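Using numbering that gives the first Met the number 0, the letters of the sequence shown map in sequence onto residues 0 to 695.
Quick reminder that beta carbons are idealized off the backbone N, C-alpha and C, glycines included.
On a predicted model such as this, the values are computed, not experimentally measured, just so you know.
Each remark here refers to the structure printed beneath this line.
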Amino acid sequence: MNKYSPENIRNVALAGHSGTGKTSVAEAMLFCAKVINRLGSVDEGNTVSDYTEAEISRKISISTSMLHFDWKGTKVNLLDTPGYADFIGDAKTAIWAADIALTVVNAVTGVEIGTDKAVGFAEEFQKSSAFFVNHLDKEFADYEQTLESIQEHFGKGAIPFQMPIKLEEGHIQIVDLLQMKLFDFATDGSGVANGSDIPASLIEEAQQLREQLIEHAAESEDELTERYLEEGSLTEEEIVRGVKVGMANRTLFPIFCGVASKNVGIRLLLDFLVQNAPGPADLTIPAAHKERSEEEVVLSATSDSPLAGVVFKTISESVGDLSFVRVYSGTLKPGDDVFNASRKANERIGQMFSMNGSKREDMNEIGAGDIGALIKMKDTHTGNTICSRNAHLEIQPVALPHPLIRVAVEPKSRGDEEKIGTGLHNIHEEDPSFSSRFDSELRQIIAEGQGELHLTVVFDKLKRKYGVDVNVVEPRIPYRETIQGKAEGHHRHKKQSGGRWQFVEAYVRVEPQSRGGGFEFLDEVVGGAIPGKYIPAVQKGVVESMDRGVIAGYPVVDVKVAVYDGSYHPVDSSDMAFKMAGAHAFQKAFMDARPILLEPIYKVQVTIPDTYMGDVMGDLNSRRGRIQGMDPNGQFQMIHAEVPLADLYKYSTALRSMTQGTGDYTMEFSHFDPVPQDVAKKIIDASEHSRELVDA
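Shown next, in the form of C-alpha cells:
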C-alpha cells in the first residue's frame with residue numbers, strides 16, 4: 000500500500016440514525032473508488048461493511064467496520080458505524096477516532112434521535128461535521144423540509160453546498176454550489192454525472208445559496224472576513240480555505256445530498272472530502288499526558304514525532320484479537336517495541352493491515368493521522384494508548400454511555416459458570432459498552448448493555464463462539480434496610496456448649512443516620528460491665544447482622560449503634576458469645592426502631608418527539624416515576640424524571656415500542672428512597688417465603 004502524508008488522509012465516520020443508508024453510502028464510495036465492481040445491498044446481505052452473520056440476518060449494522068480506498072491521491076479511511084441505539088457505544092468511539100463526522104439524514108424523516116446523537120458526539124470531541132441528505136428518490140422525501148430541520152436543530156452554520164432540482168425516473172439533477180455547475184446523474188448505479196451550466200431559471204437561487212456559503216466561509220478567519228467586507232467576495236482559493244478552516248473550528252457544517260443506493264451524489268461528496276475538507280494536519284490532536292503527571296503534551300501529526308496512538312475498537316477472532324488503532328503522532332511499524340501507557344506494559348507489534356470489512360491488506364507502517372489494524376496484541380485493549388517506549392504518553396479514552404438495561408444470566412447446563420465468565424469477559428474487551436459481573440450480594444451474574452437487542456447479540460455470540468447457552472432472568476433489586484426511629488435492644492446469651500456454660504449480656508441502642516451517613520459504632524459501656532476486649536466481638540455481631548439484613552435479607556445502611564451496658568462471667572464468657580449477643584440485641588432494637596426498605600432511584604432523561612409526550616409521561620407515572628421537568632431540544636422534548644430501578648426493567652424496549660423507535664433515554668443512579676408500604680410488604684413476604692423454602 001502507498002504511503003500517505005497526513006495532508007493526504009481523510010478519516011471519516013459515517014454516522015446517524017438507523018435506516019438512513021450509511022452502509023449504502025459506504026458501498027457507493029467503495030464502488031466509485033473501484034474497490035468493488037458492483038454495488039452490494041443491505042437487503043441482499045452482500046455489502047462489504049455488514050459482513051457478520053448477525054448483521055446479514057438482521058439487516059442492520061451492529062459493529063463499526065473499517066474501510067479504506069484511494070480517491071484522487073488521498074487515502075480515505077471510512078468508519079461505517081451502527082445507527083441502532085443499542086450499539087451507540089461503537090458509533091461514539093468511531094467518531095472520536097475519526098476527524099470528520101459525516102451524518103447521514105433521511106430525506107423522508109429529517110432529523111431523528113440518532114442524528115442528534117451523532118452530531119452531539121462530534122461536538123463533544125470537537126470533530127468537523129457534515130451532513131448527507133439521503134433517499135431523495137423515496138416517496139414523501141422533502142429536501143427543503145429536511146434542510147430546515149437540520150438548520151433548526153444544529154444552527155445556521157449548517158449550510159447547503161448542493162441543491163437537488165429535478166427528481167425524475169432515470170436521472171437526478173444536483174447543483175453543486177462550490178463549482179456552480181449542474182450535474183445530471185444516471186440512476187443505474189454507475190455514479191456517472193454529466194456537468195453543465197446552471198439553467199437561467201435557477202441561477203438566481205443558486206447564486207443566493209452560494210452567497211450564504213461564501214459568507215460563512217469568510218467568517219472562519221479574521222483575514223477572510225476583512226477581505227469579504229472590503230471586496231464583497233472571495234477568490235476560489237479563499238473560499239476553499241474558509242470552508243476548510245470553518246469545518247476545522249466547527250463554525251461551518253456543509254450539507255450534501257443524493258441517493259446512495261443508486262450512487263447519486265457520491266462522487267461529488269468524495270471530491271469535496273479530499274479537496275475541501277480538513278485532514279489530520281489541519282485539526283487539533285487530543286491532549287496527551289505524561290505518566291503520573293497532569294502535564295499536557297502537545298502532539299504533532301508528523302511521522303517523525305514520538306509515537307502516540309489509541310486502540311478504539313477490538314474484534315475478537317479465533318486467531319487472536321484484531322485491534323483498530325488511530326495513530327495521532329509518529330509512525331508504527333511491524334516489529335516495533337512499544338509501551339502500553341494505559342496498562343503499563345510493553346508490546347511487540349506484529350502484522351498490521353488496512354481493512355475493507357472482513358478483508359485485509361498488509362501495511363508496512365501506520366503513519367501519523369492514519370488508521371490501521373493490529374493483530375494479536377498481548378495486553379492491549381479498547382481505549383488503551385500505545386506510545387514510544389521512552390515517551391510514556393497517555394490519551395484519555397472515550398467515556399462510554401451508561402448501561403440502559405441489566406439482566407441476570409444463569410447457565411442452562413451445570414458447571415458452565417466459568418465458561419460464561421470467560422466468554423462475557425472477552426466480549427467486554429471487544430465491546431466495552433457491554434459489561435458483566437458476579438454480584439455477590441444478589442448472587443447473580445449481572446449483564447448490562449444499551450438495550451435488549453444489544454444483549455441478545457451478546458448472548459448469541461456467547462453461544463456461537465464460546466459454546467455456552469444461558470437463561471436470561473430479571474435481576475434482583477439491591478434494596479437496603481434502615482430505620483426511622485430510636486430503640487434499644489437487649490439479649491442474654493446463656494447456653495451450655497461442650498460441657499461448658501456460655502453467659503453474656505449485651506444492651507444496644509440504635510438510631511438513624513442521615514441518608515448516606517453510613518454506619519457508626521459507639522462504645523458507651525462504663526464501669527467494666529463488658530470488658531474492652533469483648534467490645535469488638537459485639538461490633539462484629541452487629542455488622543454481620545447488618546450484612547444479612549433483618550426484615551427482608553438486604554444490607555442495613557445509615558444507622559448508629561451504641562453498646563451501652565451488659566454483663567459477663569470471668570470464666571463462662573467468650574468472643575463468640577458476645578458476638579451472638581450483639582447480633583440478637585441489634586436485631587431486636589432494629590425491629591423496634593420503625594424499620595423500612597430503601598430502593599435505588601435512577602435519574603432518567605428521556606428524549607422524544609412532541610407527538611409521544613402524553614404516552615411517555617403516562618408510562619413514567621405508571622412506573623412510579625416522578626417528573627422533575629421538561630426542556631425543549633430542537634424538535635424533541637427532554638423529560639427529566641426519577642424512577643425506581645425496580646420499574647425500569649426492559650424500559651428501552653417499551654420506550655421504542657411507544658415511540659416507534661424514535662425515543663431515546665439515559666439513566667444513572669441517583670439515591671435511595673423508602674419503598675412504599677404496600678410494595679415493601681410484597682418484598683418482605685417474598686423474602687420470608689424464600690427463607691422458608693431454604694429452611695425446608
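Please report the residue range of the beta strand (DSSP E) in which Asp361 lies.
Start at 1 with the first residue of the sequence shown, and residue 361 comes out as number 362. Start and end: 358–361.
Considering Cα atoms alone, identify which of Met575, Lys460, Tyr553, Leu461 is closest to Phe502.
Along the sequence shown, one-based indexing puts residue 502 at 503. Of Met575, Lys460, Tyr553, Leu461, the residue nearest in Cα terms is Met575.
Per DSSP, cross-strand counterpart(s) of Pro163
Your numbering for residue 163 matches position 164 in the sequence shown. For Pro163, which the question treats as bridged, DSSP gives the partners Ile173.
Own chain partners of Gly466 with C-beta closer than 8 Å, once the 5 adjacent residues on each side are dropped
Walking along the sequence shown from the start, residue 466 turns up at place 467. Only Lys418 meet the Cβ criterion.
Among the candidates Ile607, Phe68, Leu233, Val642, whose CA atom is the shortest distance from the CA of Asp630?
As a first step, residue 630 is located in the sequence shown; it is residue number 631 there, counting from the start. When only C-alpha atoms are compared, the closest one is Ile607.
Where do the N-terminal and C-terminal ends of the beta strand (DSSP E) with Lys289 fall, by residue?
Your numbering for residue 289 matches position 290 in the sequence shown. Here the beta strand (DSSP E) through Lys289 covers 287–289.
DSSP beta-bridge partners of Val471
Counting from 1 along the sequence shown, the entry for residue 471 is found at position 472. Val408, per the DSSP bridge assignment.
Please list the segments of the beta strand (DSSP E) lying wholly inside the region 54–98, counting only runs of 3 or more residues, in order along the chain.
64–70, 73–79
Since I believe Val103 is in contact with Thr19 (beta carbons under 8 Å), could you give me their beta-carbon distance rounded to a whole number of angstroms?
Locating residue 19 in the sequence shown gives position 20, where the first residue counts as 1. Locating residue 103 in the sequence shown gives position 104, where the first residue counts as 1. Confirmed, Cβ separation roughly 4 Å.
What residue does the alpha helix (DSSP H) around Pro535 start on, and which one ends it?
Reading the sequence shown from its first residue, position 536 is the one you call residue 535. Here the alpha helix (DSSP H) through Pro535 covers 534–547.
Could you say which of Phe139, His134, Ser148, Ile99 lies nearest to Phe124 if we only look at CA atoms?
As a first step, residue 124 must be located in the sequence shown, where it is residue number 125. Ranking the options by Cα distance to Phe124, first place goes to Ile99.
Consult DSSP for Met354 and reduce its assignment to one of helix, strand or coil.
As a working mapping, residue 354 is identified with position 355 in the sequence shown. Reduced to three states, the DSSP call for Met354 is strand.
Taking DSSP's pairing of strands, which residues face Leu521 in a bridge?
For the purposes of this step, residue 521 is taken as residue 522 along the sequence shown, with counting starting at 1. Leu521 is bridged to Ala561.
For Phe120 and Asp430, I'd like the C-alpha separation in whole angstroms.
By 1-based counting over the sequence shown, the position of residue 120 is 121. By 1-based counting over the sequence shown, the position of residue 430 is 431. Spanning the two alpha carbons is a distance of roughly 18 Å.
What whole-angstrom Cβ distance do Thr80 and Leu13 have, given they're in contact under 8 Å?
Walking along the sequence shown from the start, residue 80 turns up at place 81. Walking along the sequence shown from the start, residue 13 turns up at place 14. With 8 Å as the limit, Thr80 and Leu13 qualify as a contact, their Cβ atoms being about 6 Å apart.
Entirely enclosed alpha helix (DSSP H) segments - the region 180–222, minimum 4 residues
199–217
Taking the continuous beta strand (DSSP E) assigned at Leu29, which residues delimit it?
Counting from one through the sequence shown, the residue named residue 29 turns up at place 30. Not the beta strand (DSSP E): Leu29 falls in the alpha helix (DSSP H), residues 21–31.
Check whether the Cβ of Ala199 lies closer than 7 Å to any heavy atom of the ligand MG, and answer yes or no.
Of ligands this structure carries none, so the ligand MG is not represented either.
Please state whether the Cβ-Cβ distance between Glu428 and Thr379 is less than 8 Å.
Indexing the sequence shown from 1 puts residue 428 at position 429. Indexing the sequence shown from 1 puts residue 379 at position 380. Result no, Cβ atoms of Glu428 and Thr379 do not sit closer than 8 Å.
Using DSSP's beta-bridge definition, name the partner residues of Asn133.
Residue 133 sits at position 134 when you count from the first residue of the sequence shown. Bridge partners of Asn133: Asn105.
Going by the beta-carbon positions, is the gap between Pro474 and Pro599 smaller than 8 Å?
As a working note, residue 474 is residue 475 in the sequence shown. As a working note, residue 599 is residue 600 in the sequence shown. No. Outside cutoff.
On a Cα-Cα basis, can you pick out the residue from Ser260, Glu667, Arg655, Val555 that is closest to Leu29?
As a position in the sequence shown, residue 29 is number 30, starting the count at 1. For the residues Ser260, Glu667, Arg655, Val555, the minimum Cα distance to Leu29 belongs to Ser260.
Should the region 286–297 be called in touch with the region 387–395, which here means at least 3 C-beta pairs below 8 Å?
yes
According to DSSP, simplified to helix, strand and coil, what is Leu619?
For the purposes of this step, residue 619 is taken as the residue at position 620 of the sequence shown. Reduced to three states, the DSSP call for Leu619 is helix.
Work out the CA separation of His401 and Thr665 for me, nearest whole Å.
On the sequence shown, position 666 is the one that residue 665 refers to. On the sequence shown, position 402 is the one that residue 401 refers to. Answer to the nearest angstrom: the Cα atoms are 7 Å apart.
Do you know offhand how far Ala340's Cα is from Pro279's?
Start at 1 with the first residue of the sequence shown, and residue 340 comes out as number 341. Start at 1 with the first residue of the sequence shown, and residue 279 comes out as number 280. Taking the straight line joining both Cα atoms gives about 23 Å.
Evaluate contact between the region 614–623 and the region 566–580, counting only Cβ atoms and requiring at least three cross-stretch pairs below 8 Å.
no
For Ala96, which of Gly628, Ser432, Glu447, Asn76 has the nearest alpha-carbon?
In the sequence shown, the residue the question calls residue 96 occupies position 97. Checking every option, the nearest Cα to that of Ala96 belongs to Asn76.
Span of the beta strand (DSSP E), counted from its first residue to its last, around Thr250:
For the purposes of this step, residue 250 is taken as the residue at position 251 of the sequence shown. No beta strand (DSSP E) contains Thr250, which DSSP labels as neither H nor E.
Within this structure, are the beta carbons of Gln443 and Arg593 separated by less than 8 Å?
By 1-based counting over the sequence shown, the position of residue 443 is 444. By 1-based counting over the sequence shown, the position of residue 593 is 594. No, these two residues do not count as a Cβ contact at 8 Å.
Reducing DSSP to helix, strand and coil, say where Ile348 ends up.
Translated into positions along the sequence shown, residue 348 becomes position 349. Note: Ile348 maps to coil in three-state DSSP.
For Gln449, is the classification buried or exposed, using 16 other Cβ atoms within 10 angstroms of its Cβ as the cut-off for buried?
The residue you call residue 449 lines up with position 450 of the sequence shown. Looking at its Cβ environment, which holds 16 or more other Cβ atoms inside 10 Å, Gln449 is buried.
Which same chain residues, not among the five before or five after Ile374, have their C-beta less than 8 Å away from its C-beta?
In the sequence shown, the residue the question calls residue 374 occupies position 375. These residues qualify, in order along the chain: Val318, Gly319, Asp320, Leu321, Ser322, Gly349, Gln350, Met351, Phe352.
I'd like the ranges of any beta strand (DSSP E) spanning at least 3 consecutive residues and lying wholly in the region 429–457.
434–438, 443–448
Residues bridged to Leu13 (per DSSP)
Locating residue 13 in the sequence shown gives position 14, where the first residue counts as 1. DSSP, once it has assigned bridges, lists Asp79, Leu101 as partnering Leu13.
List the DSSP bridge partners of Gly628.
By 1-based counting over the sequence shown, the position of residue 628 is 629. For Gly628, which the question treats as bridged, DSSP gives the partners His639.
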